[in-house]
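Just so you know, the protein sequences line up as chains E and H, in that order. Counting from 1, position 91 in the first sequence corresponds to residue 91 in my numbering; the numbering is continuous, with no gaps. Counting from 1, position 119 in the second sequence corresponds to residue 412 in my numbering; the numbering is continuous, with no gaps. A virtual CB, placed ideally from N, CA and C, is assigned to each residue, including glycine. Quick caveat: nothing in here was measured; it's all calculated off a predicted structure.
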Amino acid sequence: MEGLAPFLQNLSGGLLIGGIYALIGVGLSLIFGVMRIINFAHGEFVAVGMYTAIVCFQLFGLDPYVSLLIAAPIGFLLGALLQRVVLARLIDASSDSTLLATLGLALVISNVLFLVFGAEPKSIYVPYATQTVTLGGVRLPVAQLTAGAITLVVILALWLLLTRTEFGRAVRATAQNRLGAELVGINTPRIHALVFGLGMALAMCAGVILAPLLFAVPTVGSSYTLKAFVVTVLGGLGSVPGAIGGGLLLGVVEFMGASYLSSGYRDAYGLFAFLIVLLVRPEGLFGRSVKRV
Amino acid sequence: MTLKRTSLPWTWLGIAGVAALGATWYFAFPSYLSLGISLLLLAGWASAWDLLGGWTGQTSLGHAAFIGLGAYTVGVTATKFDLAPWWSFLLAAAFATVLAFLWGRLTFGLRGSYFVLSTIAVAEILRLVAINERKLTGGAIGLFIFDLKEPFGFDLFSRHTEFWLALGYLVIVLVVVALVTRGKLGYQMRAVREDESSAQAAGINPVAVKSWAFMLSGALTAIGGCIYGIFLSALQPQPMFELHLSVRIALVAIIGGRGTLFGPLIGAALLTLAAELFRNTFAEANLLIYGLLIVVVVLFVPRGLMGALRARAVRRRYAKSAGG
Numbered sequence: 001m002e003g004l005a006p007f008l009q010n011l012s013g014g015l016l017i018g019g020i021y022a023l024i025g026v027g028l029s030l031i032f033g034v035m036r037i038i039n040f041a042h043g044e045f046v047a048v049g050m051y052t053a054i055v056c057f058q059l060f061g062l063d064p065y066v067s068l069l070i071a072a073p074i075g076f077l078l079g080a081l082l083q084r085v086v087l088a089r090l091i092d093a094s095s096d097s098t099l100l101a102t103l104g105l106a107l108v109i110s111n112v113l114f115l116v117f118g119a120e121p122k123s124i125y126v127p128y129a130t131q132t133v134t135l136g137g138v139r140l141p142v143a144q145l146t147a148g149a150i151t152l153v154v155i156l157a158l159w160l161l162l163t164r165t166e167f168g169r170a171v172r173a174t175a176q177n178r179l180g181a182e183l184v185g186i187n188t189p190r191i192h193a194l195v196f197g198l199g200m201a202l203a204m205c206a207g208v209i210l211a212p213l214l215f216a217v218p219t220v221g222s223s224y225t226l227k228a229f230v231v232t233v234l235g236g237l238g239s240v241p242g243a244i245g246g247g248l249l250l251g252v253v254e255f256m257g258a259s260y261l262s263s264g265y266r267d268a269y270g271l272f273a274f275l276i277v278l279l280v281r282p283e284g285l286f287g288r289s290v291k292r293v
Numbered sequence: 294m295t296l297k298r299t300s301l302p303w304t305w306l307g308i309a310g311v312a313a314l315g316a317t318w319y320f321a322f323p324s325y326l327s328l329g330i331s332l333l334l335l336a337g338w339a340s341a342w343d344l345l346g347g348w349t350g351q352t353s354l355g356h357a358a359f360i361g362l363g364a365y366t367v368g369v370t371a372t373k374f375d376l377a378p379w380w381s382f383l384l385a386a387a388f389a390t391v392l393a394f395l396w397g398r399l400t401f402g403l404r405g406s407y408f409v410l411s412t413i414a415v416a417e418i419l420r421l422v423a424i425n426e427r428k429l430t431g432g433a434i435g436l437f438i439f440d441l442k443e444p445f446g447f448d449l450f451s452r453h454t455e456f457w458l459a460l461g462y463l464v465i466v467l468v469v470v471a472l473v474t475r476g477k478l479g480y481q482m483r484a485v486r487e488d489e490s491s492a493q494a495a496g497i498n499p500v501a502v503k504s505w506a507f508m509l510s511g512a513l514t515a516i517g518g519c520i521y522g523i524f525l526s527a528l529q530p531q532p533m534f535e536l537h538l539s540v541r542i543a544l545v546a547i548i549g550g551r552g553t554l555f556g557p558l559i560g561a562a563l564l565t566l567a568a569e570l571f572r573n574t575f576a577e578a579n580l581l582i583y584g585l586l587i588v589v590v591v592l593f594v595p596r597g598l599m600g601a602l603r604a605r606a607v608r609r610r611y612a613k614s615a616g617g
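Below is the structure:
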C-alpha cells in the first residue's frame with residue numbers, strides 16, 4: 001500500500017489539470033469538426049481569458065470564478081467577429097490558408113497582449129489558493145477542485161447544447177455535411193460564426209479557470225495551442241467526446257511522467273504520446289478511420 | 294499554372310545578381326554586417342523551407358528544429374570533440390537528413406493536417422532535450438563556442454568571414470533550389486502539391502517525393518543553422534528551437550511567394566526591413582507585423598508577392614500570344 005497514496009495523488013492531480021486541457025481541446029475539436037479549420041489562435045484565447053480574469057480582479061476585485069460570466073460572452077463575441085471578418089472569406093480556400101490566417105491572428109493577439117501588459121508574469125492571489133482538502137490520504141487543492149467542478153459543469157452544458165437543442169442539431173448536421181445541411185435550410189455561415197464564437201468562449205473559460213493556478217505571460221498561448229493539438233489528436237480530430245478523453249489522458253500522462261520519470265520532460269510526454277498515436281493509430285484513440293495515402 | 298518557365302540563363306543571371314547585391318552590401322554598409330548576416334541566413338532558410346513548403350506544398354512549422362540541430366552540432370563537436378567546423382557542417386547535414394527521413398516516415402503517409410501538427414511537436418521535443426540534457430548541451434544556460442579551427446586561415450568569429458559564409462550559403466541554396474525544381478524531382482514535387490491522387494495515378498510515389506524534398510530542405514536548413522551557431526557563438530535552447538523562429542521562416546517564404554525561386558528572398562528582405570523600421574515602435578513585439586502581414590497575404594494575395602507578380606506577367610504574355 002506504500003505506493004498507492006502517491007499514485008492516487010498523481011492520478012487526481014493529472015485528472016484535475018486534464019479537465020482543463022479537455023475544456024481547451026473540446027473547443028478546438030468542435031471548430032475542426034464543424035469548420036475543418038485547425039485553429040492556431042486557440043491557445044491565445046486561453047491567454048486572453050487569463051488576462052481578462054486578471055484585469056477584472058485588479059480593477060474591480062472580482063473573484064476569477066465570477067469573471068467567467070464576463071469572459072465567456074467576450075470570447076463568444078470576439079470569436080464570432082473574427083470568423084465573420086477573416087475566416088468567412090476563406091471558406092472555400094485550402095486548409096493551409098485558414099491555418100495560416102489563424103496563425104497570423106495568434107501572433108497579433110499575443111503581441112498585442114505583450115504591448116498592453118508587458119512581459120513580466122502576472123497572477124491573481126485568491127485566499128483559497130493554498131487551502132487543501134484531504135480525502136483518503138490524498139490532498140486536493142481547493143482551487144484545483146473548484147476548477148475541476150467548473151470544467152465539469154461547462155462541458156455538461158456544452159453536451160446538453162449539442163445534443164438536446166435545435167441549435168445543437170444544426171451544428172451536428174453542418175459537421176456531417178455542409179451542403180446537406182444547407183439543402184435542408186440551415187444557415188451554415190451563421191452556424192460557423194456561432195461555433196467559432198462558442199469555441200473561443202470555451203477557451204476563454206479555460207483561461208479564467210487557469211488564472212489563479214498559474215502565472216500569466218503574453219506568450220503562454222502557444223503552449224496551450226500545442227496542448228490543445230495534442231489533446232485533439234489523442235482523441236481523434238473533430239471528435240468532441242474524444243477530446244474530453246484526450247484531455248484527461250494528457251493530464252495524467254504529464255503528471256505520471258513528471259513524477260516517475262523526469263520532471264524536466266513534463267511537457268514532452270504529451271508530445272511523445274502524440275507522435276506514438278500518429279504512428280500507430282492516427283485516427284486517435286477514440287476516433288474513426290483516417291484516410292491514408 | 295505558368296505557361297512557360299523563365300529560361301535557365303535568366304535564372305543564373307538572377308542568382309548572380311543576388312551575389313552581386315550581397316557583395317555591394319558588404320562594401321556599402323560595413324557597419325551593418327550583422328544585420329546583413331541575419332538577412333542572408335533568413336533568406337537561405339526560407340528558400341530551403343520553400344523546397345518542402347512551397348514546391349511540395351507541405352507546410353512545416355518546425356524548421357527551427359534543423360537550425361537548432363545544426364547550431365548544436367557545431368557547438369557540441371567543437372567544444373567536446375574538438376572537431377573542425379567543416380566536418381561539423383557535413384555531420385549536421387547528415388543528422389538533419391536522418392531526422393527528416395524518420396519524421397517523414399511517421400507523417401507523410403497520412404493525409405490532412407497531421408504533418409504540420411507533428412512539425413511543431415518534433416521541434417518542441419528537441420527544445421526540451423536541449424534544455425534537459427545538460428551534460429551535452431549546457432541546458433538552459435547554453436553552450437559557448439570559444440575557439441574553432443580556422444579553415445584556410447580564416448577567423449570564423451570575424452563578422453567579415455561570417456558575412457561571406459552566409460552569402461555563399463544563400464547562393465548555394467538558390468542554386469540547389471533552381472537545379473532541383475527544374476529536374477525530374479521538381480516536376481514530381483509540383484505534381485504532389487497540386488493533387489496527390491493524380492500524381493499517384495501518374496506513377497509518382499507521393500511519400501517518397503515528400504521525403505526527398507524534406508530531407509533536402511532539412512539538410513540545407515541545418516547547414517544554415519551551423520553558420521547561425523558560429524555567428525551567435527552562444528547557443529541557447531530558447532531562441533534556437535523556438536516556435537517563433539519556425540513561424541518566421543515559414544511566413545517569410547509565404548509572404549514573399551511560395552514555390553518561386555526568389556520569393557522567399559524578397560520576403561526575407563521585406564520583413565527584415567519592416568522589423569528594423571518598427572523596432573522602436575513595437576520593441577520586442579515585432580512579430581505583430583508578421584501576424585498582420587500574413588493575414589493580409591492570405592486574404593488578398595494568396596500566392597505571395599512574387600507569385601502575384603508572376604501570375605500577372607503570365608496573363609499579359611498569354612493575352613499577347615492570343616492576339617488580345
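Think of a sphere of 7 Å around the beta carbon of A459/H: no beta carbon from chain E falls inside it, the nearest being about 26 Å out. Of the other Cβ atoms in all chains shown, fewer than 16 fall within 10 Å of the Cβ of P302/H; this residue is therefore exposed. For V138/E, the uninterrupted beta strand (DSSP E) run begins and ends at 138 to 141, by DSSP.
About 5 Å separates the beta carbon of G337/H from that of V466/H, a gap short enough to meet the 8 Å contact definition.
Counting only runs of 4 or more residues that sit fully inside the segment 73 to 144 of chain E, the alpha helix (DSSP H) segments are 95 to 117, in chain order. By the criterion of a C-beta distance shorter than 7 Å, I20/E is surrounded in its chain by A147, T151, A206, I209, L210, once the five residues flanking it on both sides are discounted.
Among the bridge pairs identified by DSSP, L436/H is matched with L528/H.
With a cut-off of 8 Å on Cβ pairs, the segment 339 to 348 of chain H is in contact with the segment 469 to 483 of chain H, counting three or more such pairs.
Per DSSP, reduced to three states, the secondary structure at A216/E is strand. One Cα belongs to L509/H, the other to A416/H, and the distance between them is close to 18 Å. Any Cβ of chain H closer than 8 Å to the Cβ of S95/E would place that residue at the interface, and such an atom is present. Under the three-state reduction of DSSP, L441/H is assigned to coil, being neither helix nor strand. Its chain contains Q144, G148 as the residues whose beta carbon lies nearer than 6 Å to that of L16/E, once the 5 sequence neighbours on both sides are disregarded; these appear in chain order.
Taking 8 Å as the cut-off, the Cβ atoms of L332/H and T565/H count as close. Apart from the 5 residues on each side of it in sequence, P189/E sits with its Cβ closer than 7 Å to the Cβ of A88 in its chain, given in chain order. For the pair of segments examined, the segment 246 to 266 of chain E was found to touch the segment 424 to 439 of chain H: the number of CB pairs separated by less than 8 Å reaches three.
Identification of chain H residues near D267/E by a Cβ-Cβ cut-off of 8 Å yields E417, L421, ordered along the chain. Cβ-Cβ distances below 8 Å link H192/E to V34, M35, Q83, L87, A88, I91, T174 in the same chain, with the five nearest sequence neighbours on each side left out; the list follows chain order. F374/H: not part of any alpha helix (DSSP H); DSSP gives it neither H nor E. When the five nearest sequence neighbours on each side are left out, the beta carbons in the same chain lying within less than 7 Å of the beta carbon of F382/H are those of I516, C519, in order along the chain.
V540/H belongs to the set of residues whose beta carbon lies under 8 Å from a beta carbon in chain E. Of all C-beta pairs linking the segment 98 to 108 of chain E to the segment 37 to 47 of chain E, three or more are shorter than 8 Å, placing the two stretches in contact. Nearest in C-alpha terms to V154/E, of all of G79/E, I276/E, A72/E, is A72/E. Distance from the Cα of A80/E is smallest, within the candidate group F196/E, E182/E, E254/E, S29/E, for F196/E. In this structure the segment 267 to 286 of chain E touches the segment 230 to 250 of chain E; the number of beta carbon pairs closer than 8 Å is three or more. In the structure shown, I542/H adopts helical secondary structure according to DSSP, grouped into three states.
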